[in-house]
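Colleague: Below you'll find the structure I mean.
2 protein chains.
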Amino acid sequence: MTRHIAIIGAGLIGASWAALFLSKGLRVTVSDPTQAALAALPGFITTAWADLAQLDDIAAAPPFDALSTTQDIASACAQADMVQECGPDRIAIKRQIVAEIETTLPADAIIASSTSSLMASDIQDGAHHPGRILVAHPMNPPHLVPLVELVAGRATEPDCMARARAFYDGIGRVTVVVQKERVGHLANRLTSALYREAVSLVAEGVATVADVDRAIAHGPGLRWAFMGPHLTYHLGGGAGGYRHYLEHLGPTQVARWADQTTPAMTPDLIETLVAGIADATAGESPADLARRRDTALVALAKLKRDLGA
Amino acid sequence: MTRHIAIIGAGLIGASWAALFLSKGLRVTVSDPTQAALAALPGFITTAWADLAQLDDIAAAPPFDALSTTQDIASACAQADMVQECGPDRIAIKRQIVAEIETTLPADAIIASSTSSLMASDIQDGAHHPGRILVAHPMNPPHLVPLVELVAGRATEPDCMARARAFYDGIGRVTVVVQKERVGHLANRLTSALYREAVSLVAEGVATVADVDRAIAHGPGLRWAFMGPHLTYHLGGGAGGYRHYLEHLGPTQVARWADQTTPAMTPDLIETLVAGIADATAGESPADLARRRDTALVALAKLKRDLGA
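Respectively, the protein sequence lines represent chains A and B. FYI, the numbering for the first sequence is 1 to 309, going by this note's numbering. FYI, the numbering for the second sequence is 1001 to 1309, going by this note's numbering.
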């Protein structure tokens, strides 16, 4: 059972994991080469704690006595019985991090990488104990978005996958097991697909950045907070369900797919997108927008819990 | 000002519009060639009314004295000062409906089509007053999803677009103006793009139907209830915003786009999808699932109103 987790990397993802793990009663050691990143950790955790306190029956203040920090990966892992790796997404750096982790981490402890773009098979390549290395990819911010995508590499032991799944399920995450290694796992492949068309519509002058975003957030995005695209179209089939939908309206999807193209991400298009988001956000800072996003995610999490959704 | 609206077609979309318009104090006349569809209308409206009453300060029971029904399009339009057309999405039928509408509808009254797949330019072709014909496309169910996509055809008069926008805005809808006629307008192009990858992931054995849907509803779908893809990636750029994101992480999107393909909707794939949704829904009927969806949409609408989101 996991009681003490080492987090490698104190960026946004690592810091958010730290707040979540502390809220679940775990001891947490965070390593980062940058002292400034470690120094910013308590402030981040305090802010995240206020959100977590609305979702969970936790102490009024974060248990900072259960948190330690270090600039050294090996010493962070010496007492840990699991590692959540959140370093930069470059394969050479990942392998170096794994090598340092393995100098002290007990041989049966799992190394879960938060990588969004690399493969577990590549990360575990050359490791002393490749079988315990897997991907456990969250969405940002991990303490508020429950999805964790688990992906095994070629060498990952099934028992390690099962233990990882039990761990994340046990702390209230929603796990999915990705059955083949693909760029972007599941969720980021899906977001990329939506984004391709969101960019195309602007590139082709069909709509402004603001209107594309409004169309999602006041249209299909409302349903997606509760159900994915398959279930959505199952209901689109009425009493006949998904089979009726696919047999009668499937061809309209195929026709739309044929009409969609990949935009060229030119400097001009980048300027159009940047100007569009400036117009849509009317000067509100990314930090303020992120705060509003997190407030909304907390409220939505409470709502979904109440509905059992 | 619109006081009396004729709805052509008493299917799911027409019935939902009827409930919404009644809740906003309009007189409503619904025409449908099928007596059974008209007979089902009061039951549908009563159910929808319970949802609408949670969002709006309305009477306890639907004002059925403000609702009339008829099997005849021309007589439905004789007293109307606007038409919401919800007939079958086939161009020959649409043109026939428009011809019948124009036998009685006052010349300055707008004809707004709910069509999801046709173009306003094609619908207005051959009409007596093509300038007043436009697309006002809702998402299902229109009384709970606020988005209305407005699309002008070649002949649509700007004044009619402006009046239509003022009308839908005035009854609490969120309008977007689609600047070019394209198959699927905005929202259904975006949902189709997401769906293409959702189907591909199942077709290629990367994940089950249930896991694809879980990934959305417990992952990126949560954010999409409040913000579209452009704003999401603007926040993904941190303090540097969208420009930083596009310049540094834009290439990862381009790489994912290059890795995505269009699935072939074969009979085998349809069987896989149908079996997958049966597994994911565990025997719950489409009607019960739709009821749960509507309950969730009402709760989310209240939440968004409270947050000003």
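Backbone N, C-alpha and C fix where the C-beta goes; we use that ideal spot for every residue, glycine too. Source: prediction; values computed, not measured.
Hey, does B:L1246 have any beta-carbon neighbour from chain A nearer than 9 Å?
Modeller: Taking the first residue of the second sequence as position 1, residue 1246 of chain B is located at position 246. Yes, because at least one Cβ of chain A sits closer than 9 Å to the Cβ of B:L1246.
Colleague: Can you list, in chain order, the residues of the stretch 2-15 of chain A whose Cβ is nearer than 9 Å to any Cβ on chain B?
Modeller: Answer in chain order: L12.
Colleague: Can you name, in chain order, every residue of its own chain whose Cβ lies under 8 Å from the Cβ of B:V1145, other than the five neighbours on each side?
Modeller: Stepping through the second sequence from its first residue, residue 1145 of chain B is reached at position 145. Around B:V1145: P1138, M1139 and L1297.
Colleague: Looking at the unbroken alpha helix (DSSP H) that takes in B:H1230, where does it start and where does it end?
Modeller: Within the second sequence, residue 1230 of chain B is the residue found at index 230, counting from 1. Its alpha helix (DSSP H) spans residues P1229 to G1236.
Colleague: Taking the C-alpha atoms as reference points, what is the distance between B:A1198 and A:L118?
Modeller: As a first step, residue 1198 of chain B must be located in the second sequence, where it is residue number 198. As a first step, residue 118 of chain A must be located in the first sequence, where it is residue number 118. If I take the Cα positions, the gap works out to 21 Å.
Colleague: Measuring CA to CA, which of B:R1132, B:V1177 and B:D1169 is closest to B:A1155?
Modeller: Locating residue 1155 of chain B in the second sequence gives position 155, where the first residue counts as 1. Measuring from the Cα of B:A1155, the nearest candidate turns out to be B:R1132.
Colleague: Is B:P1220 close to chain A? Criterion is C-beta to C-beta, closer than 9 Å.
Modeller: Working through the second sequence from its first residue, we reach residue 1220 of chain B at position 220. B:P1220 counts as touching chain A.
Colleague: Give me the Cα-Cα distance between B:G1241 and A:T281, rounded to the nearest whole angstrom.
Modeller: In the second sequence, the residue the question calls residue 1241 of chain B occupies position 241. In the first sequence, the residue the question calls residue 281 of chain A occupies position 281. The straight-line gap from Cα to Cα measures roughly 11 Å.
Colleague: Do you know whose CA, among A:M161, A:L22, A:L246 and A:A255, lies nearest B:I1277's CA?
Modeller: Within the second sequence, numbered from 1, the residue matching residue 1277 of chain B stands at position 277. Nearest option by C-alpha distance: A:L246.
Colleague: Hey, out of A:F167, A:A92 and A:G238, whose CA is closest to B:S1285's CA?
Modeller: Counted from its first residue, the second sequence places residue 1285 of chain B at position 285. Answer by Cα proximity: A:G238.
Colleague: The stretch 220-239 of chain A: which residues have C-beta closer than 9 Å to a C-beta of chain B, in chain order?
Modeller: Hits within the stretch, in order: P220, G221, L222, R223, W224, A225, F226, M227, G228, P229, H230, L231, T232, Y233, H234, L235, G236, G237, G238 and A239.
Colleague: Closer than 7 Å by beta-carbon distance: list the chain B residues that pair up with A:Y242, in chain order.
Modeller: In the first sequence, counting from the first residue as 1, residue 242 of chain A sits at position 242. Within 7 Å Cβ-Cβ: L1273, V1274 and I1277.
Colleague: If you drop the 5 nearest sequence neighbours on each side, which residues of the same chain put their C-beta closer than 6 Å to that of B:T1029?
Modeller: By 1-based counting over the second sequence, the position of residue 1029 of chain B is 29. Excluding sequence neighbours, B:T1029 sits near A1006, S1068 and A1076.
Colleague: Could you say which of B:A1217, B:C1086, B:G1250 and B:H1143 lies nearest to B:I1123 if we only look at CA atoms?
Modeller: Against the second sequence, residue 1123 of chain B aligns to sequence position 123. For the residues B:A1217, B:C1086, B:G1250 and B:H1143, the minimum Cα distance to B:I1123 belongs to B:C1086.
Colleague: Per DSSP, what kind of secondary structure is A:S75 in: helix, strand or coil?
Modeller: Working through the first sequence from its first residue, we reach residue 75 of chain A at position 75. Residue state, collapsed to three classes: helix.
Colleague: Would A:L316 count as contacting chain B if we go by Cβ distances under 9 Å?
Modeller: Not covered by the structure: residue 316 of chain A. The range shown for chain A is 1 to 309.
Colleague: Taking only the alpha-carbon atoms, compute the straight-line gap between B:L1194 and A:D57 and give it to the nearest angstrom.
Modeller: Within the second sequence, numbered from 1, the residue matching residue 1194 of chain B stands at position 194. Within the first sequence, numbered from 1, the residue matching residue 57 of chain A stands at position 57. Cα-Cα distance, rounded: 36 Å.
Colleague: Looking at the unbroken beta strand (DSSP E) that takes in A:I216, where does it start and where does it end?
Modeller: Here residue 216 of chain A refers to the residue found at position 216 of the first sequence. Careful: A:I216 lies outside any beta strand (DSSP E), inside the alpha helix (DSSP H) at V209 to A217.
Colleague: According to DSSP, which residues form a beta bridge with A:H137?
Modeller: What you label residue 137 of chain A is simply residue 137 of the first sequence in a count that begins at 1. Answer is A:E149.
Colleague: Could you tell me whether the Cβ of B:T1252 comes closer than 9 Å to any Cβ of chain A?
Modeller: Your numbering for residue 1252 of chain B matches position 252 in the second sequence. By this cut-off, B:T1252 is an interface position.
Colleague: Please list, in chain order, the chain A residues whose beta carbon lies closer than 9 Å to that of B:R1115.
Modeller: Taking the first residue of the second sequence as 1, we reach residue 1115 of chain B at position 115. In the sequence on display, residue 1115 of chain B carries Thr and not Arg. By Cβ distance, chain A contributes nothing, its closest Cβ being about 12 Å from B:T1115, past 9 Å.
Colleague: Does any C-beta atom of chain B lie closer than 9 Å to the C-beta of A:A166?
Modeller: What you label residue 166 of chain A is simply residue 166 of the first sequence in a count that begins at 1. False, the Cβ-Cβ gap to chain B never drops below 9 Å.
Colleague: Runs of 4 residues minimum, wholly inside the stretch 1252-1308 of chain B: which ones carry the alpha helix (DSSP H) assignment?
Modeller: Complete alpha helix (DSSP H) runs here, min 4: 1267-1281 and 1286-1307.
Colleague: Tell me the DSSP secondary structure of B:V1199 in three-state form.
Modeller: Here residue 1199 of chain B refers to the residue found at position 199 when the second sequence is read from its first residue. If DSSP states are grouped into helix, strand and coil, B:V1199 belongs with the helices.
Colleague: Tell me the DSSP secondary structure of A:Q35 in three-state form.
Modeller: As a position in the first sequence, residue 35 of chain A is number 35, starting the count at 1. Helix at A:Q35.
Colleague: Just the Cα atoms here: how many angstroms apart are B:A1059 and B:G1172?
Modeller: Your numbering for residue 1059 of chain B matches position 59 in the second sequence. Your numbering for residue 1172 of chain B matches position 172 in the second sequence. Their Cα atoms are separated by approximately 17 Å.
Colleague: Measuring CA to CA, which of B:Q1084, B:D1089 and B:L1020 is closest to B:P1063?
Modeller: Here residue 1063 of chain B refers to the residue found at position 63 of the second sequence. Comparing Cα positions, the closest option is B:L1020.
Colleague: Given a cut-off of 9 Å on the beta-carbon distance, is the pair A:S200 and A:Q253 in contact?
Modeller: As a working mapping, residue 200 of chain A is identified with position 200 in the first sequence. As a working mapping, residue 253 of chain A is identified with position 253 in the first sequence. No; because the gap between Cβ atoms is not below 9 Å, this pair is not in contact.
Colleague: Which residues in chain B sit within 9 Å of A:L118, going by Cβ to Cβ distance?
Modeller: Locating residue 118 of chain A in the first sequence gives position 118, where the first residue counts as 1. Neighbours of A:L118 on chain B: none; closest Cβ ~11 Å, over 9 Å.
Colleague: In the DSSP assignment, find the unbroken alpha helix (DSSP H) run with B:E1085 in it and report its ends.
Modeller: Walking along the second sequence from the start, residue 1085 of chain B turns up at place 85. Per DSSP, B:E1085 belongs to no alpha helix (DSSP H); it is in the beta strand (DSSP E), M1082 to E1085.
Colleague: Buried or exposed, going by whether 16 or more other CB atoms sit within 10 Å of the CB of B:G1184?
Modeller: The count along the second sequence starts at 1 and reaches residue 1184 of chain B at position 184. B:G1184 comes out buried.
Colleague: Taking B:I1101 as part of the beta strand (DSSP E), name the residues at either end of that continuous run.
Modeller: Along the second sequence, one-based indexing puts residue 1101 of chain B at 101. Run containing B:I1101: none in the beta strand (DSSP E); it sits in the alpha helix (DSSP H), I1091 to E1102.
Colleague: For chain B, is any of its Cβ atoms less than 9 Å away from the one on A:M161?
Modeller: Sequence index remark: in the first sequence, residue 161 of chain A carries index 161 (1-based). Not one chain B Cβ lies under 9 Å of A:M161.
Colleague: Roughly how many whole angstroms lie between the Cα atoms of A:A120 and A:R256?
Modeller: The count along the first sequence starts at 1 and reaches residue 120 of chain A at position 120. The count along the first sequence starts at 1 and reaches residue 256 of chain A at position 256. Straight-line Cα distance between these residues: approximately 35 Å.
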